[in-house]
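In what follows, a single structure is set out as structure tokens and then discussed.
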């Protein structure tokens, strides 16, 4: 088997002067990138990295990040991606669970990493001594990455991904999309999502160019569109909830400017027919739309469906997930792992070359999820926890989940992990978390205080932000005297879901005082789906989240005719503060025009 690094090295040898990566700092050709990878891999081997060893990777999106991923692979290790803004406690929990003693980090975090007893290697590092120990060529089952997802017990679980599975996935991408040398893929997905590996590795293995979206801009559909046009991207990937914002933001001029765009891929959530309909209204010819399905445990995705305009007219809740990718086998099975009859609903189980090794350091959880394949002659299959059915045409359809795992804006969240974090606050005796809403879901938490009347929602939310990713922090927190129960003693989740959304007393809300505040308030109410919001209320404590913030920003840009920065709502999260900053921006724009 040819490893991922060997595939890149061969490509660098074939096209040394071709552009490989472009970011705000400029363009690196294949030879320069390969040399940087060699230097950093040597420094990592000097630091003790050997085959299968996990290496923390805590870097913003940049050419340095690309080189670091490839250098970890060349050193023989497996990269463990962590966002730089991840709460320190969660970052340390992941590194400890992965047994990562070496980390590639930027200067701002190097001190914290070293203080925790780990070796911090900067991305510009080079070997300091003689030739470092050479790494041995990896075998198909050797680790290439460990991706952490939400765990039901409150402990994140690390999926141990292999070279063989990922190499197969990259080959399928090339078979399906035929990227040509020099063509560009926009790298916009945060590295902690496994889809980012496709945007990053696939082009570099076949002579393409990777254009790095600026750090933080992945939340801004305007920035994504401008980058796709500017870099002449031929391929884009989206989570459906972000795809929705992309389609909402697109103008006729944008569509005309996306002259090189040839394919769009959606994954991570159920794709709604309405989004397919809007896509083909914008791109009736020449641009394909694929809906893919899978999991980190099976090398990112396992099935694909090439969408057609007719998929936008379907009555079902989601678009088909299609047929298995090359090297994968998908079956629908009952609780005893027996195949169900065609059309019947069962658990979707996956076999083939894409299976991960299992969960890092957790043989019990691995044994539950990765079971013997009754049809595989000693092979394994992965129980996805997704329920689906085979359609009359032989393709597959996703139905729902068999457990309490949900996806929030494409991120897998175990409700049990959020509940555990809530119960970890000293004011909370018990908690239940639900995923509510149709289409784009949000989390709602219901809390029972240890002492009646003594539970600060703001304190609890602040606690959650120190231990959970931003996606896992519930949008709404409701304090109850007790949880509603069924006669058998189980929590009545339907009764919780029927409770009204928590809000403030309308009489106590501070009304808008200026025309600007009125405009901002109208946009907030429309996006949040509420009648009134006080000008001193925090957007994120009133039901807002990052995708809704982007939608607010898009409407503010239209209303004020300004290029308003994405950080506006995050830095000024009340109507009063946002309005004041908008007035400052308007004044600055007028003064600039007058000069």
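In UniProt numbering, the protein residues as written are 1 to 595. Built from N, CA and C at the ideal position, the CB exists for glycine as well.
query, result
"Pick from 193, 29, 112 and 448 that is closest to residue 483, judged by C-alpha positions", "448"
"For residue 446, the residue or residues it bridges with in DSSP", "432 and 478"
"Integer-rounded CB distance, given that residue 234 should sit under 8 Å from residue 199", "Their Cβ separation, rounded to whole angstroms, is 12 Å, which puts residue 199 and residue 234 out of contact at 8 Å."
"Alpha helix (DSSP H) segments (min. 4 residues) lying fully within the stretch 82-125", "88-98 and 107-115"
"Own chain, CB closer than 8 Å to residue 465, minus 5 neighbours either side, in chain order", "87 and 473"
"Rounded distance between the beta-carbons of residue 523 and residue 559, thought under 8 Å", "7 Å"
"Sub-8 Å separation of residue 371 and residue 383 beta-carbons", "yes"
"At least three beta-carbon pairs within less than 8 Å, the stretch 260-271 to the stretch 349-359", "no"
"Close beta carbons around residue 471, own chain, < 7 Å, minus the five adjacent residues each side", "408, 409, 411 and 413"
"Alpha-carbon spacing of residue 538 relative to residue 545, whole angstroms", "11 Å"
"Delimiting residues of the alpha helix (DSSP H) encompassing residue 542", "Where residue 542 is concerned, there is no enclosing alpha helix (DSSP H), given that its DSSP letter is neither H nor E."
"Short Cβ contact (8 Å threshold) for residue 101 with residue 119", "yes"
"Residue 536 and residue 574 closer than 8 Å at C-beta", "yes"
"The beta strand (DSSP E) enclosing residue 20, as first and last residue numbers", "19-23"
"For residue 12, three-class secondary structure by DSSP", "helix"
"Host beta strand (DSSP E) of residue 399 (start-end)", "396-401"
"Nearest neighbour of residue 425, chosen from 450, 443 and 437 [CA to CA]", "450"
"For residue 306: DSSP bridge partner residues", "290"
"4 or more residues per run - each alpha helix (DSSP H) lying fully within the stretch 170-203", "none"
"8 Å Cβ cutoff met for residue 569 and residue 552", "yes"
"Minimum C-alpha distance to residue 32 - residue among 329, 18, 485 and 515", "18"
"Given residue 285 as reference, the closest of 385, 294 and 256 once Cα atoms are compared", "256"
"Inter-stretch contact (C-beta, 8 Å, three-pair minimum) for the stretch 19-28 and the stretch 62-69", "yes"
"Distance CB(residue 103)-CB(residue 158) smaller than 8 Å", "no"
"beta-carbon residue 43 near the ligand SAM non-hydrogen atom, thresh 7 Å", "The ligand SAM is not part of the structure shown, which contains no ligands of any sort."
"Environment of residue 128 [buried if 16+ CB atoms lie within 10 Å]", "exposed"
"C-alpha distance - residue 433 paired with residue 418, whole-angstrom precision", "7 Å"
"Own chain, CB closer than 6 Å to residue 572, minus 5 neighbours either side, in chain order", "578 and 581"
"Proximity of residue 289 and residue 276 at Cβ, strictly below 8 Å", "yes"
"Any C-beta of chain C under 8 Å from that of residue 401", "The chain inventory of the structure shown lacks chain C, comprising one protein chain alone."
"Validate contact between the stretch 234-248 and the stretch 382-396 using beta carbons, cut 8 Å, 3 pairs", "no"
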